[in-house]
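Mature numbering (1 follows the signal peptide of the UniProt record, and there is no 0) puts the sequence shown at residues -18 to -1, 1 to 330. Ideal Cβ positions, reconstructed from N, Cα and C, are used throughout, including at glycine. Just below is one structure, and these are the notes that go with it.
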Amino acid sequence: MRFPSVLTLLATALTCSASVLPAGLTYTKTVEGRDVTVSETDLDNFRFYAQYSAATYCNDAAASGAAVACSNDGCPAVVANGAKIIRSLNQDTSTNTAGYLALDPKRKNIVLALRGSTSLRNWITNLTFLWTRCDFVQDCKLHTGFATAWSQVQADVLAAIADAKAQNPDYTVVVTGHSLGGAVATVAGVYLRQLGYPVEVYTYGSPRIGNQEFVQWVSTQAGNVEYRVTHIDDPVPRLPPIFLGYRHVTPEYWLNSGTSNTVNYTVADIKVCEGFANINCNGGSLGLDTNAHLYYLTDMIACGSNKFVFRRDDANAISDAELEQRLTMYAQMDREFVAALEANKTVA
């Protein structure tokens, strides 16, 4: 299988980069001199809400009022808190967006948890690079798939949260998601803050969501509390590529030691990287380690492994070696692209 040359695609992408970086910002670091640290409380929260994300793989069709439950000890802390389902999200939509809303009486949380893809390799193989405009800020754009996924559950989610908040005014809204669910969680958090809800967002292995204008606006949005967690060489957060205009919210909390199935981390094992297009944490890794995508301080699919598809579902699909070659090409282009933009002090 032949791919376009790195230099050809890179030249095309650089030609499209024209907007000047705002004063005080650099391409890979958003605020000069800012010292972002990780506390034990942060790590405890990362672990806890990872379990809410993991529970999406087995609670997306649960009845209203049912207790959040996970087989294979998939979410023990959530179960111990007595969390109850408000509404499940398992609709027959083009994006297969799924998840649930729950009340956590111990933490006094209204939790929106969004599920990732159940066919990870197919998603990576078939990923398209399309844009949908958004109206948060001038020139705002989102990846079409994530924008569509949110739009298909938006009405149900907003209605359920409004009702839950009316009945529990002292509860805090928390949005969490793994994989593609993490991307939709970030979009959901933006809309909820726009409606006046203080929202905390915890994402695990989220892909890049939108363009520079969108992520820069989100990262400075009033009331924004967002934690984007990545794990060693998980390939999903490296997609879609930087050189095609896609960016991450900042900062990134990178679990950067151990193996692909390591779940026990300390604060010292977390590296914080700032920047909408930083390649100093997960963004600088290589390979097709899909296993690293499945372990984020817990086994993310412990209770739903029977639904998860690891293999290719098409005998004619590209091989693992070809797919890894494609991802390596993207990573090389991203590195060259970021270096060129840093040199020119521009952003895409």
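Could you check whether the Cβ of Ala44 sits closer than 8 Å to any Cβ belonging to chain D? Here chain D cannot be found, since the structure has a single protein chain.
Report the rounded CA-to-CA distance for Ala129 versus Val166, giving the unit in angstroms. Rounded to the nearest angstrom, the two C-alpha atoms are 7 Å apart.
I need the DSSP call for Val183, collapsed to helix, strand or coil. Here Val183 sits in strand by DSSP.
Measure the C-alpha to C-alpha separation of Gln136 and Leu323 and round it to an integer number of angstroms. Taking the straight line joining both Cα atoms gives about 36 Å.
Extent of the continuous alpha helix (DSSP H) to which Asp138 belongs: Segment 126 to 149, the alpha helix (DSSP H) holding Asp138.
Which runs of the alpha helix (DSSP H) at least 4 residues long sit entirely within the stretch 154 to 199? Give them in chain order. Those alpha helix (DSSP H) runs which fall completely within the stretch 154 to 199 and span 4+ residues are 162 to 176.
Return the first residue and the last residue of the beta strand (DSSP E) that Thr212 is part of. Segment 206 to 213, the beta strand (DSSP E) holding Thr212.
Element boundaries [beta strand (DSSP E), containing Val254]: Residues 252 to 255.
Check the C-beta distance from Leu94 over to Ala170 and give it rounded, since I have them as a contact under 8 Å. Going by Cβ atoms, the distance from Leu94 to Ala170 rounds to 6 Å, so yes, they are a contact pair.
For Ser70, name the three-state secondary structure that DSSP assigns. Ser70 falls in the strand class under three-state DSSP.
Let me confirm a value: Glu14 is counted as buried when at least 16 other C-beta atoms fall within 10 Å, else exposed. Which label applies? Caution is warranted here: a pLDDT of 38 is assigned to Glu14, below 50, making its placement in the model unreliable, and the coordinate value is therefore given only provisionally. The residue is exposed, with fewer than 16 neighbouring Cβ atoms inside 10 Å.
With which residues is Lys123 paired in a DSSP beta bridge? For Lys123, which the question treats as bridged, DSSP gives the partners Arg115.
Taking the alpha-carbon of Val200 as reference, which of Glu182, Ala303, Ile214 has the nearest alpha-carbon? When only C-alpha atoms are compared, the closest one is Glu182.
Determine whether the beta carbon atoms of residue 331 and Thr280 lie at a separation below 8 Å. There is simply no residue 331 to check, as the chain begins at -18 and stops at 330 in what is shown.
Neighbourhood of Cys282 by C-beta distance below 6 Å, restricted to the same chain and skipping five residues each side: What sits at residue 282 in the sequence shown is Met, not Cys. Only Ala36, His160, Leu276 meet the Cβ criterion.
Chain-order list of residues whose beta-carbon lies under 7 Å from that of residue 351 (same chain, five-residue window excluded): Residue 351 is absent from the structure shown; the chain starts at -18 and stops at 330.
Would you mind sorting Gly205 into buried or exposed? The rule is 16 or more other CB atoms within 10 Å of its CB. Label assigned to Gly205: exposed.
Bounding residues of the alpha helix (DSSP H) (the contiguous stretch that carries Asn104): Taken as a continuous stretch (DSSP letters only), the alpha helix (DSSP H) holding Asn104 covers 102 to 108.
Which of helix, strand or coil does DSSP assign to Tyr235? Three-state result, Tyr235: strand.
Assumed close pair Leu71, Asp117 - CB separation to whole angstroms, cut-off 8 Å: Not confirmed; about 24 Å, so no contact.
By a C-beta neighbour count over all protein chains shown, 10 Å radius and 16 as the cutoff for buried, is Leu(-9) buried or exposed? Confidence is the limiting factor: at Leu(-9) the pLDDT is only 48, short of 50, which leaves the residue's position unreliable, though a coordinate-based value still follows. Buried.
Helix, strand or coil for Tyr82 per DSSP? In the structure shown, Tyr82 sits in a strand (DSSP, three-state: E or B).
Span of the alpha helix (DSSP H) around Ala62: Run containing Ala62: 58 to 62, per the alpha helix (DSSP H) assignment.
For Thr168 and Ala303, what's the separation of their Cα atoms in angstroms? Those two C-alpha atoms are separated by around 32 Å.
Supposed contact pair Cys285 and Gly81 - C-beta distance, whole angstroms, cut 8 Å: The beta-carbon distance between Gly81 and Cys285, rounded to whole angstroms, is 14 Å. This is too long to meet the 8 Å contact definition.
Excluding the 5 residues flanking Ser21 on each side, which residues of the same chain have their C-beta closer than 8 Å to its C-beta? Within the same chain, Ser21 has close Cβ partners Val249.
Work out the CA separation of Ala45 and Lys147 for me, nearest whole Å. Spanning the alpha carbons of Lys147 and Ala45 requires a straight line of approximately 20 Å.
Counting C-beta neighbours from all protein chains within 10 Å, is the total for Lys123 16 or more, i.e. buried, or is it exposed? By the beta-carbon neighbour count (other beta carbons within 10 angstroms, threshold 16), Lys123 is buried.
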